[in-house]
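S.K.: Pasting a structure here, questions to come.
Protein chains: 2
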Amino acid sequence: MADSRDSSPEGLVSTSGGSKYPNFEVDYVINYHLPPPTTPSPSGPLAEAEASFTQLITLLSKTGFALEVRPGRAPLTPTSPSSLLIFLRIASPSLLEKQIYRYRVQDWLYGVRTAAPGPPNSLSAPQEPITDAERLRLAYLLITKPVNEGGAGITPGIGQWRFVKAVFPLHDRKFNKEWITSWSTKYILDDSDLLKIRNQFGEKVAFYFAFLQSYFQFLLFPALFGSAAWLILGGFSWVYAVVNCLWGVVFFEHWKMKEVDLAVQWGVRGVGKIQLPRPQFKFEREGVDEVTGEIVKVYSPYKRLARQLLQVPFAGACVCVLGGLILGCFSIEIFITEVYMGPFKQYLTFLPTVLLTIFMPTFTTLLTKLAERLTELENYETVDAHQASFVQKIFVLNFITSYLGIFLTAFVYVPFGKILVPYLDVFQLTAQKFTAEGKPLPTKEWVINPDRLRKQVIYFTVTAQIVNFATEVVVPYAKRRIFRTVEKVQTEIKKGDQARVEWPKDAEEEERFLKRVREEAELGEYDVTIDYREMVIQFGYLSLFSVVWPLTGCSFLVNNWVEARSDAVKIAANSQRPIPWRADSIGPWLDALGFLSWLGSVVSAALVYLFNKSGGGQLGVGSVWDIPGWALLLAVMGSEHVYLVVQMVVRGVIRRLDSPGLRKERAERFAMRRELLERMVEEEVVSEEAGEKVGWEGQREGISREVLEEEARGLSGLGPEKRFWLRQRGAGESVEVGRGLIQLVSLAGGNNSTVKRQ
Amino acid sequence: MADSRDSSPEGLVSTSGGSKYPNFEVDYVINYHLPPPTTPSPSGPLAEAEASFTQLITLLSKTGFALEVRPGRAPLTPTSPSSLLIFLRIASPSLLEKQIYRYRVQDWLYGVRTAAPGPPNSLSAPQEPITDAERLRLAYLLITKPVNEGGAGITPGIGQWRFVKAVFPLHDRKFNKEWITSWSTKYILDDSDLLKIRNQFGEKVAFYFAFLQSYFQFLLFPALFGSAAWLILGGFSWVYAVVNCLWGVVFFEHWKMKEVDLAVQWGVRGVGKIQLPRPQFKFEREGVDEVTGEIVKVYSPYKRLARQLLQVPFAGACVCVLGGLILGCFSIEIFITEVYMGPFKQYLTFLPTVLLTIFMPTFTTLLTKLAERLTELENYETVDAHQASFVQKIFVLNFITSYLGIFLTAFVYVPFGKILVPYLDVFQLTAQKFTAEGKPLPTKEWVINPDRLRKQVIYFTVTAQIVNFATEVVVPYAKRRIFRTVEKVQTEIKKGDQARVEWPKDAEEEERFLKRVREEAELGEYDVTIDYREMVIQFGYLSLFSVVWPLTGCSFLVNNWVEARSDAVKIAANSQRPIPWRADSIGPWLDALGFLSWLGSVVSAALVYLFNKSGGGQLGVGSVWDIPGWALLLAVMGSEHVYLVVQMVVRGVIRRLDSPGLRKERAERFAMRRELLERMVEEEVVSEEAGEKVGWEGQREGISREVLEEEARGLSGLGPEKRFWLRQRGAGESVEVGRGLIQLVSLAGGNNSTVKRQ
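From first to last, the protein sequence lines are chains U and A. For the first sequence, full-length UniProt numbering begins at 1 and goes up steadily by one. For the second sequence, full-length UniProt numbering begins at 1 and goes up steadily by one.
Right under this line is the structure:
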């Protein structure tokens with residue numbers, strides 16, 4: 001959408017001939033970076049790149065790809081890198097079909113599918129169409145799988161393949177245009193919208209949008225109720241806190257159900273069991289799996305555990321670095337805005353903001369890098385485990401950067417401000433050094449600013465969201481624009497330069513297409529983790545602090561409508577098309593959501609207890625020491641336990657609810673069972689007809705006949721346990737014997753009654 | 001074992017001929033009660049019983065059972081009931097095999113088995129032997145399944161079949177003797193012991209013994225540590241409380257893993273999914289299942305929910321009735337032992353005990369009956385749901401009867417005694433009425449008896465356990481002895497009576513066998529629920545109150561060694577052989593265990609905080625009002641949260657552990673997958689050999705040839721997307737093009753370096 005030249009698919013049709021293949025049937029493009037030719041030595045990196053390139057082509061070709069090579073980015077200066085573009089297409093339909101069949105069988109064996117897939121030649125059957133996502137996923141697996149498993153063994157960016165900068169599919173511009181157009185004109189996304197996303201970008205991305213949509217719909221309630229509460233109850237209302245907590249529980253549990261439902265509908269339930277090996281995994285030794293007898297790569301779990309323990313100092317470091325920064329800026333801010341009355345106050349007010357703006361992103365980036373390194377050090381075998389561990393770390397990081405400021409205001413500044421503010425004298429002394437004469441700086445008497453908390457929450461829930469939107473959508477677009485302009489200017493300047501390499505001119509019919517591909521090659525990868533993080537942190541504000549300012553829900557409702565669309569634009573225009581991975585849930589973020597929801601019950605209770613104006617022992621009015629500790633603890637503890645009980649109840653109720661996905665699964669399982677059982681019955685019938693008829697009647701009769709013969713010999717040859725079973729021949733005799741005994745009893749009764757009558 | 005006449009299997013061999021069939025090959029015995037023949041009218045209950053009997057025999061015979069009828073209990077007086085014994089045996093081996101095959105296939109379809117079972121004729125293969133338990137379970141299902149599903153539709157005790165008093169298998173005396181002998185001489189039961197139980201009595205009973213064994217082994221730790229703590233730390237020690245809580249977590253989580261492991265080893269994992277319909281279930285209407293299209297019986301879930309809500313007043317009633325009784329007796333006891341100094345004190349001391357002994361069992365029995373009725377009213381569709389709901393209710397009941405007394409002492413009597421005891425004046429006034437003259441009764445000044453709590457805990461954890469053992473094993477045995485003697489005397493007395501029915505004399509060779517069967521018919525059913533309840537309640541004492549008296553663990557260790565053996569005797573000698581049901585866990589008791597373990601963390605913390613002598617703010621020394629409420633709450637809350645965190649960690653660790661069962665399952669799944677994938681590959685090879693060879697090379701070559709022809713025509717007929725893929729013919733050309741481009745870059749570098757050198 002950002003690119004007006006390509007926004008018209010008709011235009012694309014006219015120049016690249018035929019709207020049927022706007023992507024020239026390309027499955028994947030490899031962006032092959034060439035290092036700058038600093039020295040022309042035969043063993044330099046460029047020579048390595050060349051050798052590796054030859055191998056790459058050979059391997060891919062052997063695996064079954066059709067290939068075309070085109071020039072990529074031209075080296076602008078002799079020291080700037082250039083690139084080649086390698087276009088891949090699965091050469092034969094039968095290879096694709098075989099792959100699909102193989103993976104569908106694997107799914108079936110792992111219990112992801114209920115029914116076994118049809119034979120390979122029935123794959124294009126209408127009930128199980130091959131989606132774009134499936135084809136692209138399998139093609140990517142073909143590229144990256146080890147050679148001994150039938151793949152080409154290309155591991156982008158790693159080791160021998162470090163020149164492979166990216167392997168990406170091409171955007172379907174027509175789809176993207178329709179997608180953005182349709183979403184920007186509707187309020188609610190339905191399951192068919194999500195299904196389209198799933199078919200185009202895979203389940204991993206689709207789950208993000210499903211979560212976003214579900215969250216958006218659920219936000220309607222806190223938006224409405226919050227507005228009402230804001231008007232009627234004001235901030236810090238018990239009622240709002242309780243309702244908000246309950247809402248959190250219901251939303252969380254509902255999503256867990258929805259997630260399963262979608263996974264079943266999309267045929268990916270339990271897909272987490274099929275793990276992708278992580279190519280970066282370094283093994284210590286090869287061992288033989290006790291169970292399967294296969295050779296497996298082993299990394300000592302104790303070593304990993306030891307490295308996982310590094311997470312503790314990491315968390316400590318995060319708290320120290322980010323906490324110190326926030327605390328520092330916080331103190332300076334309080335000092336300047338609420339105590340300081342000296343010169344330059346109007347400028348100094350911005351000092352903490354400036355400090356935060358400069359240092360916060362720097363520190364966060366550094367710590368994120370550290371988290372990445374740590375996760376790599378933990379050396380996980382599978383992509384999922386690696387991702388989960390990384391998510392854990394960045395959740396800690398973001399928890400601190402997002403919530404610590406508010407926590408400080410609510411639980412340190414307001415209750416203990418009176419005690420702590422005098423210590424801010426240190427700033428005064430520092431400031432005094434820079435000003436002349438020993439006379440004390442003018443300060444004002446400090447009073448707690450009870451509105452500070454509310455302002456801070458509003459900042460984080462409104463302003464920060466808008467800033468976020470800007471950095472997410474506007475900045476990358478602007479950056480790319482500027483970058484292109486710079487490039488153009490550079491090209492102009494270098495035009496006369498001898499060293500400049502002129503790529504051979506593109507064929508006319510391919511020109512537009514190649515231009516587009518080169519642009520896409522320059523785009524970044526789409527990382528769904530960042531978007532999840534944003535939403536989860538947002539949910540945290542709602543759950544933890546919305547009791548301070550009940551309009552939070554409203555703000556988020558509006559924000560998230562825009563968010564879904566801006567994320568769509570981000571994928572469609574600002575990123576390479578993502579590789580359509582599968583997923584059966586939102587993964588590790590689910591735990592984060594649950595944690596925030598639980599923490600919300602505790603924090604809300606504490607906030608209400610401390611700040612509610614109509615209750616007893618409030619802050620901002622009295623001192624913190626007037627508050628009975630047991631009452632605060634009881635409030636917090638009570639709230640937490642109510643939360644846990646409600647959660648149990650809601651879970652119980654939701655477990656009993658039905659959903660379309662579960663119904664579908666049940667129907668499939670039932671159909672499979674019935675089919676198999678029916679087949680079994682048929683077999684039984686056949687075997688019986690084949691003359692094996694030894695039913696109970698036959699048996700019984702057989703015995704009876706045998707008995708008749710035996711009786712002549714007085715049954716003497718049989719053991720007592722045989723004779724036991726031959727006393728009554730057939731059911732009729734048993735009935736007779738029984739009735740005889742009953743008659744006896746009945747006669748006794750008759751006698752009795754006659755006795756009575758006598 | 002209680003029956004000395006049958007304790008020697010050899011004796012049995014000599015009289016019933018052949019140790020191979022001591023049970024005469026009988027699968028099941030039906031104890032068919034005949035009502036007393038009060039009136040000889042043809043429509044009386046006896047006539048009904050006769051009609052029903054005929055139908056019973058016909059149905060069973062049609063289903064495939066061989067039948068023999070023998071007289072059961074003779075009517076001693078004309079008004080006493082009598083009975084018939086109906087012996088059942090699955091008539092043909094092929095019927096049994098078919099049933100086994102059908103149910104194994106069902107298991108496979110429900111995911112209980114990993115591998116599909118072999119065809120019916122391979123069933124007796126050594127790797128999957130037919131156990132006694134399996135045969136008996138299927139025979140019972142044949143008897144009870146509805147007629148349209150191929151069974152006889154006998155529902156013991158219900159409706160038309162109300163005369164069917166019991167359907168039970170016969171004890172294997174030889175097995176029982178060996179079982180009791182071997183267990184009474186060993187300390188630790190291993191998996192093979194449990195496997196034997198499983199093969200004989202089914203998984204449901206086996207799980208009880210597995211649980212008992214696991215609990216017994218785990219008790220070693222609290223027994224040792226508790227003894228040490230008792231010697232060194234004394235009661236109410238923080239250290240003991242913490243260690244005990246951690247032990248509880250580890251035990252609970254370990255059992256959850258062990259449970260899964262055993263279920264896998266026994267091939268019953270997920271058996272809970274295959275639900276047995278409850279014959280007593282009353283449906284409102286028949287509906288069509290949306291998914292399966294089958295006709296299902298529907299009972300409104302809202303109606304059920306409404307009835308489930310009755311559990312709340314039920315719990316209230318339990319608390320009021322039992323709580324009132326306990327509270328009353330408690331007050332009387334305190335008054336008499338600690339305040340009262342009047343006449344008859346030595347006798348009055350026993351008053352509360354007498355009251356409790358009389359009323360407690362009465363009330364408990366009544367409330368248990370009520371719980372049963374309530375559960376029936378809730379009208380569950382499946383046996384498991386019914387059982388779970390019933391267990392929930394009796395857990396509440398037992399929770400109150402077992403723990404309320406101690407709770408009262410710990411959290412009411414000791415802290416608030418000073419305030420409450422004056423209210424006991426009401427007893428004084430009552431007592432005064434019965435004594436003469438208005439002069440006040442002699443009382444002593446009341447002081448809190450701090451040792452009371454300890455004494456109470458010792459009573460519940462030692463004395464009550466011994467009493468329990470007596471009521472469980474000795475009482476039923478004595479009862480039966482007395483009952484038999486009475487019967488004999490009665491028989492002697494009535495010998496001359498005209499109305500007495502003489503059953504026909506038993507055949508000599510069957511005499512002993514029938515005598516034994518008649519005895520077994522008189523025994524009660526074994527209910528594993530009662531034994532679970534006992535163990536879970538015991539675990540509760542350990543978890544909640546052992547901090548009061550750390551020797552609790554020792555007492556339980558000894559008790560449980562005896563318990564396992566006495567339970568074995570109970571099954572072998574005091575009950576009918578249980579129907580070998582399957583189970584994949586200890587069912588609803590697991591939740592009860594978890595709850596008690598959690599509650600233990602809270603209660604222990606509170607006890608330690610209140611009673612610890614070396615800490616601050618203790619009871620028994622100062623007053624309750626000296627204790628800071630926030631500190632108590634903080635202790636309790638802290639303990640609870642530590643518990644929850646530890647639980648999470650232990651869960652995480654245990655989830656990563658391997659177990660033999662899981663390994664077995666993994667191996668089976670792997671084998672199955674490999675087999676199927678290999679078969680698939682073979683098919684692929686075959687299909688390829690059949691001439692379908694259209695690999696990528698063929699494709700590529702085909703295209704190349706085509707291209708050569710096309711080239712002559714200037715490729716004009718093809719679209720740009722076709723021409724795009726034909727520019728480089730084969731991987732070799734792609735490599736050439738790429739290398740050409742790299743050369744260009746390399747040259748630029750060369751130029752550059754020359755430029756530099758210039």
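By construction, the Cβ of each residue, glycine as well, lies at the ideal position given by its N, Cα and C atoms.
Please list, in chain order, the chain U residues whose beta carbon lies closer than 8 Å to that of I742 (chain A).
M.R.: Within 8 Å Cβ-Cβ: L34, L46, A49, E50, F53, L84.
S.K.: By alpha-carbon positions, which one of U:Y101, U:Y459, U:E372, U:I332 ends up nearest to F427 (chain U)?
M.R.: Closest option to F427 (chain U), Cα to Cα, is U:I332.
S.K.: Whose C-beta lies closer than 7 Å to the C-beta of E701 (chain U) among residues of the same chain, with five residues either side of it excluded?
M.R.: In this prediction, E701 (chain U) has a pLDDT of 43, which is less than 50 and means its spatial position is unreliable; what the coordinates show is noted afterwards. Once the five neighbours on either side are set aside, E701 (chain U) has no close Cβ partner at all.
S.K.: State yes or no: is the beta carbon of E68 (chain A) nearer than 7 Å to at least one beta carbon in chain U?
M.R.: Yes - at least one Cβ of chain U is within 7 Å of the one on E68 (chain A).
S.K.: What three-state label does DSSP hand E25 (chain A) in the structure shown?
M.R.: Coil, per DSSP.
S.K.: Is there a Cβ from chain U that is less than 7 Å from the Cβ of T58 (chain A)?
M.R.: Yes, T58 (chain A) counts as interfacial toward chain U.
S.K.: Closer than 7 Å, Cβ to Cβ, to anything on chain U: give me those residues from the stretch 257–269 of chain A, in chain order.
M.R.: The residues in question: there are none.
S.K.: Do you know how far the Cα of E97 (chain A) is from the Cα of L596 (chain U)?
M.R.: Cα to Cα, the separation comes out at about 56 Å.
S.K.: Which residues, in chain order, does the stretch 87–105 of chain A contribute to contact with chain B at a C-beta distance below 9 Å?
M.R.: The structure shown contains no chain B; its protein chains are U and A.
S.K.: From S94 (chain A) to I100 (chain A), what distance separates their C-alpha atoms?
M.R.: Each residue's alpha carbon lies about 10 Å from the other.
S.K.: State yes or no: is the beta carbon of Q699 (chain U) nearer than 7 Å to at least one beta carbon in chain A?
M.R.: Here the model assigns Q699 (chain U) a pLDDT of 41, short of 50, so the residue's position is not dependable, and the following value carries that caveat. Yes, its Cβ sits closer than 7 Å to a Cβ of chain A.
S.K.: State the beta-bridge partners of R666 (chain U) as determined by DSSP.
M.R.: Partner(s): none; R666 (chain U) has no beta bridge.
S.K.: Check each residue of the stretch 629–640 of chain A: if its Cβ is closer than 9 Å to any Cβ of chain U, include it; give the result in chain order.
M.R.: So the list reads G629, W630, A631, L632, L633, L634, V636, M637, E640, given in the order they occur along the chain.
S.K.: For G405 (chain A), would you say it is in contact with chain U, using Cβ-to-Cβ distances shorter than 7 Å as the test?
M.R.: No, its Cβ sits nowhere closer than 7 Å to a Cβ of chain U.
S.K.: Quick one: is F611 (chain A) near chain U, going by C-beta distance under 7 Å?
M.R.: False, the Cβ-Cβ gap to chain U never drops below 7 Å.
S.K.: Could you please give the first and the last residue of the uninterrupted alpha helix (DSSP H) stretch that includes P720 (chain U)?
M.R.: Residues 720–724.
S.K.: Have a look at L351 (chain A) and F411 (chain A) and give me their C-alpha separation to the nearest angstrom.
M.R.: Those two C-alpha atoms are separated by around 24 Å.
S.K.: To which residues of the same chain is P580 (chain U) closer than 6 Å at the C-beta, ignoring the five residues directly before and after it?
M.R.: If we look at P580 (chain U) and ignore the five residues flanking it on each side, its Cβ neighbours are A133, L136, R137, F201, G202.
S.K.: Excluding sequence positions up to five away, which residues of its chain have a Cβ less than 6 Å from the Cβ of Q647 (chain U)?
M.R.: Cβ neighbours of Q647 (chain U) beyond the five flanking positions: V249.
S.K.: Skipping 5 residues on each side, what residues in its chain have a beta carbon closer than 6 Å to that of A635 (chain A)?
M.R.: Closer than 6 Å at the Cβ level, and outside the excluded window around A635 (chain A), lie A605, Y609.
S.K.: Taking the alpha carbon of A241 (chain A) as the reference point, which residue from A:L305, A:E149, A:T552 has its own alpha carbon closest?
M.R.: When only C-alpha atoms are compared, the closest one is A:T552.
S.K.: Grouping DSSP H, G and I as helix and E and B as strand, with all else coil, what is L309 (chain A)?
M.R.: Looking at L309 (chain A) - three-state DSSP - the assignment turns out to be coil, as it is neither helix nor strand.
S.K.: Counting only beta-carbon separations shorter than 7 Å, does L662 (chain U) have a partner in chain A?
M.R.: Output row for L662 (chain U): interface = no.
S.K.: Beta carbon of Q456 (chain A), beta carbon of I406 (chain A): below 7 Å?
M.R.: Going by C-beta atoms, Q456 (chain A) is nearer than 7 Å to I406 (chain A).
S.K.: Below 8 Å between beta carbons is the criterion; list the residues of the stretch 370–392 of chain U that meet it against any residue of chain A, in chain order.
M.R.: Listed by position, the residues of the stretch 370–392 of chain U near chain A (Cβ gap below 8 Å) amount to none.
S.K.: Counting only Cβ-Cβ distances shorter than 9 Å, please list the residues of the stretch 209–241 of chain U near chain A, keeping chain order.
M.R.: Hits within the stretch: zero.
S.K.: May I ask you to report which of helix, strand or coil DSSP gives G287 (chain A)?
M.R.: Looking at G287 (chain A) - three-state DSSP - the assignment turns out to be strand.
S.K.: Helix, strand or coil for A166 (chain U), going by three-state DSSP, please let me know.
M.R.: A166 (chain U) falls in the strand class under three-state DSSP.
S.K.: Should L170 (chain A) be flagged as near chain U, meaning a C-beta pair shorter than 7 Å?
M.R.: Closer than 7 Å: no.
S.K.: So that I know if they touch, is there some Cβ in chain A lying closer than 7 Å to that of V288 (chain U)?
M.R.: No, no contact with chain A.
S.K.: Please return the same chain residues whose Cβ sits closer than 7 Å to the Cβ of P156 (chain A), not counting the five positions on each side in sequence.
M.R.: Closer than 7 Å at Cβ, skipping near neighbours: V164, A166, V167.
S.K.: Which residue comes first and which comes last in the alpha helix (DSSP H) that contains A210 (chain U)?
M.R.: That run of the alpha helix (DSSP H) goes 203–232.
S.K.: Could you give the DSSP three-state label for E134 (chain U): helix, strand or coil?
M.R.: In this structure, E134 (chain U) counts as helix in the three-state DSSP scheme.
S.K.: Between which two residues does the alpha helix (DSSP H) harbouring E525 (chain A) extend?
M.R.: First-last for E525 (chain A): undefined, no H or E at that position.
S.K.: So which of U:V649, U:G235, U:S546 has the shortest CA-CA distance to L599 (chain U)?
M.R.: The candidate whose alpha carbon is nearest that of L599 (chain U) is U:S546.
S.K.: Measure from the C-beta of E178 (chain U) to each C-beta in chain A and report whether the shortest distance is under 7 Å.
M.R.: No, because no Cβ of chain A sits closer than 7 Å to the Cβ of E178 (chain U).
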